[in-house]
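2 protein chains.
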Amino acid sequence: MSSVQEVNPRVRVIRDPVNLQSLAAQISQQIAQGEQKAFTKVIDLSSCDPHRTGLPPISFVRQVLSLCCYPELLKEDSFPLDVKQKTQKLLEACNGGSIGSYSSSTVGLPPIQRSVAEFLTRRDGGINSNPEDIIFSSGSQKTLAMMIHLLSREDGQTETGVLAPLPCPHTLPMLLDEVGVKLVPYRLTEERGWAVDLEELHRVLMTARRQCDPRAIYVGNPGNPTGHVQDRETIEKMIHFAASERLVLLVEEVYQDSVFGQDKEFLSYKKVLFEMGVSYSETVEMVSFHSISTATMGECGLRGGYMELINLDPAVKKILFQYPSSASILPQLAIEIMVNPPAPGDASYEKYTQEILVRAETLSQNAGRACKLLNALPGMSCQPAMGGVFLYPHLHLPAEIIEEAKMLRLSADVLYCRRLLEEEGICLGPGCENGHIDENFHIRLCVLAPPAVLEDVLTRLCSFHHRLLSGPD
Amino acid sequence: MSSVQEVNPRVRVIRDPVNLQSLAAQISQQIAQGEQKAFTKVIDLSSCDPHRTGLPPISFVRQVLSLCCYPELLKEDSFPLDVKQKTQKLLEACNGGSIGSYSSSTVGLPPIQRSVAEFLTRRDGGINSNPEDIIFSSGSQKTLAMMIHLLSREDGQTETGVLAPLPCPHTLPMLLDEVGVKLVPYRLTEERGWAVDLEELHRVLMTARRQCDPRAIYVGNPGNPTGHVQDRETIEKMIHFAASERLVLLVEEVYQDSVFGQDKEFLSYKKVLFEMGVSYSETVEMVSFHSISTATMGECGLRGGYMELINLDPAVKKILFQYPSSASILPQLAIEIMVNPPAPGDASYEKYTQEILVRAETLSQNAGRACKLLNALPGMSCQPAMGGVFLYPHLHLPAEIIEEAKMLRLSADVLYCRRLLEEEGICLGPGCENGHIDENFHIRLCVLAPPAVLEDVLTRLCSFHHRLLSGPD
Ligand SMILES: Cc1ncc(COP(=O)(O)O)c(C=O)c1O
Ligand SMILES: Cc1ncc(COP(=O)(O)O)c(C=O)c1O
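Top to bottom, those sequences are chains U and H.
The first sequence begins at 1 in UniProt numbering and counts up by one.
The second sequence begins at 1 in UniProt numbering and counts up by one.
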């Protein structure tokens with residue numbers, strides 16, 4: 001393997017991300033080495049990593065994990081009773097009563113599967129969820145990759161395709177590259193708050209069928225980076241589309257606890273599916289993904305997620321269970337806490353509820369505040385988010401800047417983000433990472449951060465933007 | 001994807017493990033439901049999962065992880081000073097000072113990469129290790145899978161092959177299946193304590209070249225499941241072989257801290273490589289794997305490992321860094337503790353040293369005791385282990401049992417293990433999982449367990465074995 005030519009060609013073609021992160025790391029290092037800049041540190045809001053920017057974790061989660069790591073602490077009185085009880089319950093779920101043992105199977109610890117299934121059943125008003133359909137892995141990106149790997153036909157025949165929205169999550173294109181599956185984009189309608197356009201979906205599928213074998217459709221609800229929340233009618237139409245075209249529905253519902261748009265609520269695809277009657281609920285293949293990285297927990301560093309398999313062939317499921325890996329324990333325990341938090345009457349209930357509430361309010365107020373400021377900028381327009389953690393404003397850049405970018409062989413959104421990073425120490429995401437590779441420029445901004453941090457970012461962004469538009473001094 | 005036929009053919013062919021584990025789970029469930037058996041619980045020593053059988057974790061490791069999860073505890077005086085200092089140092093290595101943030105890159109946190117490189121430099125008597133060559137992932141199985149994935153040519157041309165010992169670790173065949181790479185077995189010499197036979201290596205490679213494209217050779221040192229520890233001469237020959245045949249050396253050194261055979265010591269492949277002179281040290285492509293799951297730490301549930309890349313093309317390395325995933329934080333912190341444990345003078349030094357010592361003695365005494373007992377059984381012969389955590393005795397079964405197994409369409413080692421599980425509640429590993437699929441029957445037994453547990457297992461194994469050999473009553 002003395003050269004790249006000898007590397008697995010599938011891996012070789014994983015697209016190189018724009019990688020502002022490595023520039024950000026470089027700048028941070030320069031600052032650490034004493035170099036003078038107009039700012040004292042880099043703030044990265046290009047992805048959702050709330051603890052990194054200083055949002056505190058949920059105390060109950062960390063208390064329980066701490067005790068699980070070192071159960072000797074159960075003997076001390078410094079922890080609330082329900083923290084200790086939860087710890088004991090979780091340790092009982094582990095093999096040998098220890099977080100240090102493998103989970104016996106690929107998919108996770110059976111008692112945690114049961115907890116998740118019970119949560120889903122409650123969430124969907126009694127629609128049954130089967131513990132054996134719950135599969136854990138190190139993050140929702142990983143579970144999604146497992147499913148897509150399963151769907152891909154690596155047999156040298158027609159390439160497998162997956163329909164995905166445009167804009168899509170910035171992590172999706174690389175994920176599909178890695179598995180060698182073709183991303184078939186269906187354009188969302190920006191003017192309608194990034195709603196799905198059913199006619200576009202049909203059109204895109206027809207065209208795609210001439211080039212690949214589209215086997216699944218990916219949906220995010222709430223949307224990333226759009227912040228769009230789908231209503232029942234849209235979800236029904238999507239399910240109907242998937243059913244009639246025999247596509248597997250891959251539904252990312254990682255922001256299910258983060259809907260804040262007025263009169264908006266989260267409706268799970270599964271609930272809608274089951275309310276459409278047995279001709280759907282017993283046939284449509286669907287997988288729903290959730291994660292502890294997202295809004296409420298924000299535990300990105302633990303790497304934990306699960307998926308629920310709906311209507312998958314038992315023989316197909318069996319194959320998933322055969323994957324030679326063993327799920328990590330602590331993230332599973334964190335998932336159990338997420339789906340089974342303190343209840344009224346528990347010692348930690350009030351504190352927990354308070355922390356969750358603060359977080360929800362922070363998110364919603366941040367999203368509103370940022371959207372207002374962005375829309376007040378010349379050459380910038382931003383759809384308000386109804387959920388999720390991102391804003392995705394449209395950039396209307398002056399022709400000189402687009403020209404300049406062309407000369408530098410850069411996309412203008414990348415040039416914009418790079419300058420913003422170099423001049424203000426703010427790292428945002430260029431829309432080309434979300435699939436907008438035409439001249440339809442956007443930037444991506446995570447608004448789940450401490451309000452003071454967001455305010456700082458917005459101030460610096462505004463000043464940069466004005467400077468850029470007013471042209472060279 | 002309404003049937004298995006529509007699943008990725010690569011995944012479809014992952015071999016089904018013998019799966020005594022699911023039988024073990026079933027039996028455990030029957031016991032839980034009150035069914036009467038000759039035993040009160042199932043003990044599984046088919047793989048190495050020491051905390052599961054009751055070996056305690058290393059206190060310092062768990063204390064630090066506990067504080068990292070809930071840094072509020074830093075304010076209390078219940079922890080030794082060095083535990084708090086280590087926690088602070090580790091949290092500083094995390095983005096935003098929290099275990100809840102993503103590590104910025106695929107490969108891990110730079111300060112932890114530096115700690116590992118410093119450890120490797122010390123371990124190998126000053127031979128330089130570069131922090132940028134250290135890559136973290138969720139366990140050594142995962143890092144190994146990453147490398148093998150990189151080596152495989154998924155372009156429909158010649159299949160990639162990897163040479164691997166027979167017997168090999170029971171986890172290896174599935175791992176290669178998953179990536180679609182052919183396992184090319186080279187037979188170890190049982191009578192010589194499972195030493196490598198260089199002539200066999202050459203022979204096997206020649207034959208393999210007619211069927212596939214062998215691009216790497218896998219070695220485990222100490223060996224799994226053989227317990228063999230290679231001497232300098234063997235390692236030199238292996239390196240010479242890999243160099244002259246242009247094979248990448250994949251060296252699993254996860255039991256480097258578990259060598260107990262008299263006059264035996266662990267020598268890293270890297271150290272030997274560098275002592276062979278620049279014509280080797282600057283050319284031979286080598287990757288070494290380590291893990292926190294193994295002997296000293298035994299933290300299997302955390303899922304953490306790292307690999308060191310030696311002489312890999314920078315462009316190839318760059319591809320590895322592009323893998324779209326983010327390494328989990330806590331296992332990286334545990335790795336830092338493994339490579340940088342308490343030092344003389346630190347408050348926890350004595351306790352830590354004592355715990356490590358007890359563990360090492362348990363392992364070595366268990367291995368000796370078990371080997372003696374097994375060799376005393378009729379129809380069983382066992383090479384003594386010099387390191388690692390397994391024994392791998394040869395089973396000389398009576399013709400009736402082999403016949404019976406044939407009628408049941410089972411391998412006789414599987415029949416043996418299944419009966420042992422059903423009759424005594426003891427789960428050991430059949431040698432066919434380690435690649436012995438001819439009539440050369442073996443069983444695999446992990447000896448890293450509390451001595452009383454091992455004693456119980458051996459007693460029940462002996463009584464079962466005698467009963468089996470004395471024929472039906
Ligand atoms: C679309 C999307 N979903 C979910 C996540 C969270 O991923 P994970 O659960 O793997 O941490 C991310 C993180 O970047 C994302 O981009
Ligand atoms: C050969 C081998 N190496 C290492 C390990 C430890 O693997 P990991 O580091 O992925 O937990 C195992 C576990 O079964 C193994 O079989």
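Glycine included, C-beta positions come from ideal geometry on N, C-alpha and C.
- Item | Candidates C427/U, P451/U, Y269/U: closest to F464/U by CA position | Here residue 464/U refers to the residue found at position 464 of the first sequence. Answer by Cα proximity: C427/U.
Item to complete: Assign K318/U to buried or exposed, taking buried as 16 or more other Cβ atoms, counted over all protein chains shown, within 10 Å of its Cβ.
Response: The residue you call residue 318/U lines up with position 318 of the first sequence. Counting Cβ neighbours within 10 Å, K318/U comes out exposed, since fewer than 16 surround it.
inquiry  = Would you say S279/H lies against chain U (beta-carbon separation less than 7 Å)?
reply    = Taking the second sequence and counting its residues from 1, the one referred to as residue 279/H is at position 279. Taking Cβ atoms only, chain U never reaches closer than 7 Å to S279/H, which makes this a no.
Collapsed DSSP secondary structure at M146/U in the structure displayed | In the first sequence, counting from the first residue as 1, residue 146/U sits at position 146. Three-state result, M146/U: helix.
What does L330/U touch in chain H if you count any residue whose Cβ is under 8 Å from its own? Within the first sequence, numbered from 1, the residue matching residue 330/U stands at position 330. Per Cβ cutoff of 8 Å: G301, L302, L330.
ask   = Using the C-alpha atoms, what's the distance from F266/H back to P344/U?
value = Counting from one through the first sequence, the residue named residue 344/U turns up at place 344. Counting from one through the second sequence, the residue named residue 266/H turns up at place 266. Between P344/U and F266/H, the C-alpha separation is close to 56 Å.
### Query
Interface residues of chain U around M96/H at Cβ under 7 Å?
If you number the second sequence from 1, residue 96/H lands on position 96. Here residue 96/H is Gly; the residue named in the question, Met, does not match the sequence. Within chain U, the residues near G96/H are H51, R52, T53, G54.
Any heavy atom of ligand 1 within a distance shorter than 6 Å of the CB on S291/U?
-> Taking the first residue of the first sequence as position 1, residue 291/U is located at position 291. Answer for S291/U: yes, Cβ within range of ligand 1.
### Query
Considering D413/U, what are the terminal residues of the alpha helix (DSSP H) in which it resides?
By 1-based counting over the first sequence, the position of residue 413/U is 413. 412-424 is the span of the alpha helix (DSSP H), which, as asked, contains D413/U.
Check your understanding: C69/H touches chain U at which residues, Cβ-Cβ below 7 Å?
Key -> The count along the second sequence starts at 1 and reaches residue 69/H at position 69. Going along chain U in sequence order, the residues near C69/H (Cβ under 7 Å) are R62, L65, S66, C69.
| task | Mind listing the chain H neighbours of E76/U? Cutoff is C-beta to C-beta under 7 Å, in chain order. | result | For the purposes of this step, residue 76/U is taken as residue 76 along the first sequence, with counting starting at 1. Neighbours of E76/U on chain H, chain order: S78.
message = Considering just the uninterrupted stretch of the alpha helix (DSSP H) at K86/H, what are its terminal residues?
response = The sequence position of residue 86/H within the second sequence is 86, counting from 1. Residues 81-93.
In chain U, which residues lie with their C-beta within 8 Å of the C-beta of P57/H? As a first step, residue 57/H is located in the second sequence; it is residue number 57 there, counting from the start. Residues of chain U passing the Cβ test: S98, G100.
### Message
For a quick check, are the C-beta atoms of L90/U and C68/U less than 7 Å apart?
### Response
Along the first sequence, read from residue 1 onward, the residue named residue 90/U stands at position 90. Along the first sequence, read from residue 1 onward, the residue named residue 68/U stands at position 68. Cβ distance < 7 Å, so L90/U and C68/U count as in contact.
Notebook entry, point to check: Ends of the alpha helix (DSSP H) at M286/U?
Noted result: Locating residue 286/U in the first sequence gives position 286, counting from the first residue. Unbroken run through M286/U is the beta strand (DSSP E), 286-291; no alpha helix (DSSP H).
- Task: Write down the C-beta distance between A334/H and L302/H rounded to the nearest angstrom, noting that I regard them as a contact closer than 8 Å.
- Result: Residue mapping note: residue 334/H aligns to position 334 of the second sequence, counting from 1. Residue mapping note: residue 302/H aligns to position 302 of the second sequence, counting from 1. With 8 Å as the limit, A334/H and L302/H qualify as a contact, their Cβ atoms being about 6 Å apart.
**Prompt:** In chain H, what lies closer than 7 Å to G298/U by C-beta?
**Reply:** Here residue 298/U is taken as the residue at index 298 of the first sequence, counted from 1. The contacting residues are G100.
Quick check on E252/U: buried or exposed, where buried means 16 or more other Cβ atoms within 10 Å of its Cβ? What you label residue 252/U is simply residue 252 of the first sequence in a count that begins at 1. Counting Cβ neighbours within 10 Å, E252/U comes out buried, since at least 16 surround it.
Check: Thinking C-alpha only, which one of T87/H, L247/H, F390/H is nearest L445/H?
Finding: As a first step, residue 445/H is located in the second sequence; it is residue number 445 there, counting from the start. For L445/H, the nearest C-alpha among the options comes from F390/H.
#### Entry: Given L166/U as reference, the closest of G193/U, S140/U, H149/U, T143/U once Cα atoms are compared
Taking the first sequence and counting its residues from 1, one reaches residue 166/U at position 166. Out of G193/U, S140/U, H149/U, T143/U, G193/U has the C-alpha closest to the C-alpha of L166/U.
(request) Less than 8 Å between the CB atoms is what I'm expecting for V196/U and L163/U, so what's the real figure, rounded? (result) Counted from its first residue, the first sequence places residue 196/U at position 196. Counted from its first residue, the first sequence places residue 163/U at position 163. So it is not a contact: roughly 11 Å between Cβ atoms.
Going along the region 108-141 of chain H in order, which residues come within less than 9 Å of chain U, judged by CB to CB distance?
-> P110, S138, G139, Q141
Where do the N-terminal and C-terminal ends of the beta strand (DSSP E) with residue 488/U fall, by residue?
Absent from the structure is residue 488/U, since the part of chain U shown begins at 1 and ends at 473.
- [ ] Tell me, please, which residues DSSP counts as bridged to H396/H.
- [x] Within the second sequence, the letter at position 396 stands for residue 396/H. Its beta-bridge partners do not exist; DSSP assigns none.
If I'm right that L144/H touches L175/H with Cβ under 8 Å, what's the distance once you round it to whole angstroms?
Translated into positions along the second sequence, residue 144/H becomes position 144. Translated into positions along the second sequence, residue 175/H becomes position 175. Right, their Cβ atoms sit about 7 Å apart.
Between F119/H and the rest of its own chain, which residues show a CB-CB distance below 6 Å, the 5 nearest in sequence each way excluded?
As a working mapping, residue 119/H is identified with position 119 in the second sequence. So the list reads V339, once near-sequence residues are dropped.
Next on the checklist: To the nearest angstrom, how far is the alpha carbon of C462/U from that of A452/U?
Outcome noted: Here residue 462/U is taken as the residue at index 462 of the first sequence, counted from 1. Here residue 452/U is taken as the residue at index 452 of the first sequence, counted from 1. For C462/U and A452/U, the distance between alpha carbons rounds to 15 Å.
**Prompt:** Who pairs with K41/H in a beta bridge, going by DSSP?
**Reply:** Sequence index remark: in the second sequence, residue 41/H carries index 41 (1-based). Its beta-bridge partners do not exist; DSSP assigns none.
Taking the alpha helix (DSSP H) that K351/U belongs to, which residues open and close that run? Translated into the one-based positions of the first sequence, residue 351/U becomes position 351. Looking at the DSSP string, the run of the alpha helix (DSSP H) that includes K351/U is 349-375.
Flag this pair as touching only if the region 411-418 of chain U and the region 432-441 of chain U have three or more C-beta atom pairs under 8 Å; answer yes or no. yes
**OP:** Could you tell me the boundaries of the alpha helix (DSSP H) in which S137/U lies?
**Re:** Taking the first sequence and counting its residues from 1, the one referred to as residue 137/U is at position 137. Where S137/U is concerned, there is no enclosing alpha helix (DSSP H), although the beta strand (DSSP E) it sits in stretches over 134-137.
Task: Buried or exposed by the 16-neighbour rule on C-beta atoms within 10 Å, applied to M206/U - done: Working through the first sequence from its first residue, we reach residue 206/U at position 206. Flag for M206/U reads exposed.
query = Would you call the region 18-26 of chain H and the region 389-406 of chain H in contact, with 3 or more CB pairs under 8 Å?
reply = no
Exercise for the section: Over the uninterrupted alpha helix (DSSP H) stretch that includes M338/U, give me the two end residues. Expected result: Along the first sequence, one-based indexing puts residue 338/U at 338. It spans 329-339 - the alpha helix (DSSP H) in which M338/U sits, taken as one unbroken run.
Measure how close the beta-carbons of K142/H and G305/H come, nearest whole angstrom, since I'm counting them as under 8 Å.
-> Here residue 142/H refers to the residue found at position 142 when the second sequence is read from its first residue. Here residue 305/H refers to the residue found at position 305 when the second sequence is read from its first residue. That pair is a contact at about 7 Å.
field: Coarse secondary structure for R303/H, derived from DSSP in three states
entry: Taking the first residue of the second sequence as position 1, residue 303/H is located at position 303. Three-state DSSP puts R303/H in coil, outside helix and strand.
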